[in-house]
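Q: One structure follows; several queries about it will come next.
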C-alpha cells in the first residue's frame, strides 16, 4: 500500500523535498545568508526543543492549542445558535447581513487594541479578538446551511407541527449541518491565524509570542522551529477535523458509500 | 350534493381564491368550493399547473387563501387537522425510518415509548417492520414513499392529504402501492384528499374525482364513482373502469391542451 502511494503520489512529496534540498545547498554555500535562512537540516535538528522543558516551547504550543480550541468552540456554539436565530425572519437576516459583510473582511487582530481598552491585556481580550472572524464565518455558513434545506422538508416540519426547540434540533440544525461542517473547517484556519497574530503582539506566551521573542533576539533557528510547529498544527487540525467530520454526518457518509 | 353528505362534512372550501403576487400575478385557484365528507376519498385530477398542489397546501394550512375560507371540522381535541404525504417522500435524511414516523407524534408531546409503538405499528402495517432502524437513503423509492405514508398515518389526522404520492415511482411499484393504499382505505376508512396525474389511479381509489381546469384553476367537473369500497385489483380489468377512465380523459384532454398552450406562451 505504501509502495502504491509512492507510485501515484510521489510528486506530492517530491515538490517540497526539491525546495528543501535547494534551500539546504544554497544556505550551506552561503549563497543565501545562513544567519537568516539556516539550512533546513539544522532547523529540524533544533526541533527537539519542543520536548525540552527548559525552552518553554511545549507550554507555548499547549497555550496556543487551548486558545484555538476555546475560540472554535465559542465560534461554533454562538455562531450556529445566532445564525439559525436570524433566519427566523427575512428582516433580521438582511439587517445582520450588512453588518457581517462589513466585519468579515477586517483582519480580526485589528480588534485587539479596541478590546484592550475595555478588557485590558487579558486572556479574555485575546480570545474575543480571535473569535471575531471565526464567529462571522460560522454565522454566514449556518445561514447558508438553513437556506440550503429542502423547502419541502420545512413544509413537512410545519404540517407535522414541529415548533421551537424540537424544530431547531430535529430540522434546522441537522439540515444545515453539512454547511456548518464546512464552516468549522474554514473557521479552524482563521482561528489559528488570529490566535498566532494576537500572541505576537499581545500575549505573554503561545507560539506567536515564542516566534516574536526569538525574532527580537535574533535566535533565527528557534523562530523557524516555531513556524514549523504552527504549520504542523494547521495540518493536524485540518486532517483531524476531516476524520471527525464524516462521523458528524452519518447519513451523508452512507450516501457516498452507496454512490 | 345530498343532505346526508352535508351532515358529516369534514372539510369545506368556500369560494377559495389564491393569487401569488409577483412580476406576473398568478391566480392559481379561482373561486373553488368543495366539500369532503367523513371517510370519503376524493381525488383531484388536472393538467400540470392547475393549482392542485396549491389546493392541497391550502387545506394543509401551508398557504393562506387570498379570499374564501377553508374549514376542517375537529372530531376530538388534540387530533391534528391534516397529515400530508409529499410527492418526493420528503423524509428527513438524518432521521431513521422509525424517527421519521415518530416525528408527528413526538411534536405533539406523545411520550417517546408510545410514539415508538405507534411508529412500529404503522411501519408493520405497510410491511416495513424490519426497516425501522434504517436511514432513508438505504431504502428504495417505493419503500421511502411507504415510510412517508406511515408517517402520515401515525398522525391519525382528521384528513389525509396526498400530493401525487406515487408520481415519482415506476409503473409496477405504483400499481402495487395503489393496491396497498386501497387496503389501508378498507381497513380504517380515513378521509382522504388525493392529488394525482394518473386518471386510472383516481378511478381505482376514489369515491369522487374532481376535474380541474388549466390556470386559473377552477373545478370543471365532479364525477361520482359508485364502485363499492370492497373493490379489488380486478376492478382495473372491468368495462366500467375503462369507460370511466376514457370519459374522464375526454373531459381532461381540452384542459391539458389549454395548459400546454399556456406553457408555450
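Chains as they are written, first to last, in this note's numbering: chain A, 320 to 578; chain B, 8 to 272.
Note that beta-carbon positions come from the ideal geometry of N, C-alpha and C, so glycine has one too.
Enumerate in chain order the residues of its own chain whose CB-to-CB distance from residue 223(B) is below 6 Å, with the five nearest sequence positions on each side excluded.
A: 34, 37
Q: Just by C-beta distance, which residues in the stretch 41-63 of chain B are closer than 8 Å to chain A?
A: Cβ contacts with chain A come from no residue of the stretch 41-63 of chain B.
Q: Pull out every residue of the stretch 452-482 of chain A whose Cβ sits closer than 8 Å to any Cβ of chain B, in chain order.
A: 469, 471, 472, 474, 475, 477, 478, 479, 480, 481, 482
Q: I'd like the list of long-range same chain contacts for residue 93(B), defined as Cβ closer than 7 Å, with 5 residues on each side in sequence excluded.
A: 155, 170
Q: Which residue comes first and which comes last in the beta strand (DSSP E) that contains residue 39(B)?
A: 33-44
Q: Taking a Cβ distance cut-off of 8 Å, strictly less, list which residues of the stretch 496-524 of chain A are near chain B, in chain order.
A: 496
Q: Give the secondary structure of residue 89(B) by DSSP, where H, G and I count as helix, E and B as strand, and everything else as coil.
A: strand
Q: Counting Cβ pairs closer than 8 Å, one from the stretch 442-458 of chain A and one from the stretch 130-149 of chain B, do we hit at least three?
A: no
Q: Going along the chain, which residues of its own chain have a beta-carbon closer than 6 Å to the beta-carbon of residue 258(B), five neighbours each way excluded?
A: 218, 228
Q: Between the Cα of residue 131(B) and the Cα atoms of 104(B), 119(B), 112(B), which residue gives the shortest distance?
A: 104(B)
Q: Is residue 48(B) helix, strand or coil when you go by DSSP?
A: strand
Q: Can you check DSSP and say which residues form a bridge with residue 24(B)?
A: 74(B)
Q: If the criterion is Cβ atoms closer than 8 Å, does the pair residue 200(B) and residue 43(B) meet it?
A: The Cβ atoms of residue 200(B) and residue 43(B) lie closer than 8 Å to each other.
Q: Output the distance between the C-alpha atoms of residue 175(B) and residue 187(B), rounded to the nearest integer angstrom.
A: 16 Å
Q: What three-state label does DSSP hand residue 350(A) in the structure shown?
A: coil
Q: Return the bridge partner residues of residue 425(A) from the DSSP annotation.
A: Paired residues: none, contrary to the question.
Q: Whose C-beta lies closer than 6 Å to the C-beta of residue 542(A) among residues of the same chain, with five residues either side of it excluded?
A: The residues are 530, 533, 534.
Q: Output needed in chain order: residues of the stretch 408-436 of chain A with a Cβ under 9 Å from some Cβ in chain B.
A: Of all residues in the stretch 408-436 of chain A, none has a C-beta nearer than 9 Å to a C-beta of chain B.
Q: In three-state terms, what does DSSP make of residue 170(B)?
A: strand
Q: CA-CA distance, residue 142(B) and residue 550(A)?
A: 39 Å
Q: Tell me residue 218(B)'s beta-bridge partners as DSSP assigns them.
A: 52(B), 228(B)
Q: Taking Cβ to Cβ, would you say residue 86(B) is nearer than 8 Å to residue 163(B)?
A: yes
Q: So which residues of chain D does residue 485(A) contact, with C-beta pairs closer than 8 Å?
A: No chain D appears in this structure, whose protein chains are A and B.
Q: Where residue 450(A) and residue 430(A) are concerned, what is the direct C-alpha to C-alpha distance, given to the nearest angstrom?
A: Each residue's alpha carbon lies about 10 Å from the other.
Q: Is it right to say residue 177(B) is buried, meaning 16 or more other beta carbons lie within 10 angstroms of its own, or is it exposed?
A: So residue 177(B) ends up on the exposed side.
Q: Taking only the alpha-carbon atoms, compute the straight-line gap between residue 392(A) and residue 166(B) and give it to the nearest angstrom.
A: Distance from the CA atom of residue 392(A) to the CA atom of residue 166(B), rounded to whole angstroms, is 46 Å.
Q: Note down, in chain order, every chain B residue with its Cβ under 7 Å from the Cβ of residue 570(A).
A: 100, 101, 142, 144
Q: Taking just the CA atoms, how far does residue 65(B) sit from residue 32(B)?
A: 18 Å
Q: Between the Cα of residue 150(B) and the Cα atoms of 97(B), 58(B), 193(B), which residue gives the shortest distance?
A: 97(B)
Q: Using the beta-carbon of each residue, which ones in chain A are nearer than 8 Å to residue 162(B)?
A: 479
Q: Report yes or no: is there a C-beta of chain A within less than 8 Å of the C-beta of residue 118(B)?
A: no
Q: Can you check which of these residues, 326(A), 462(A), 358(A), is closest to residue 544(A) by C-alpha distance?
A: 358(A)
Q: Under a three-way DSSP split, which group does residue 83(B) fall into?
A: Coil at residue 83(B), not helix or strand.
Q: So, does the CB of residue 91(B) fall closer than 8 Å to a CB anywhere in chain A?
A: yes
Q: Quick check on residue 536(A): does DSSP put it in helix, strand or coil?
A: coil
Q: Roughly how many angstroms separate the alpha carbons of residue 567(A) and residue 321(A), rounded to a whole number?
A: 29 Å
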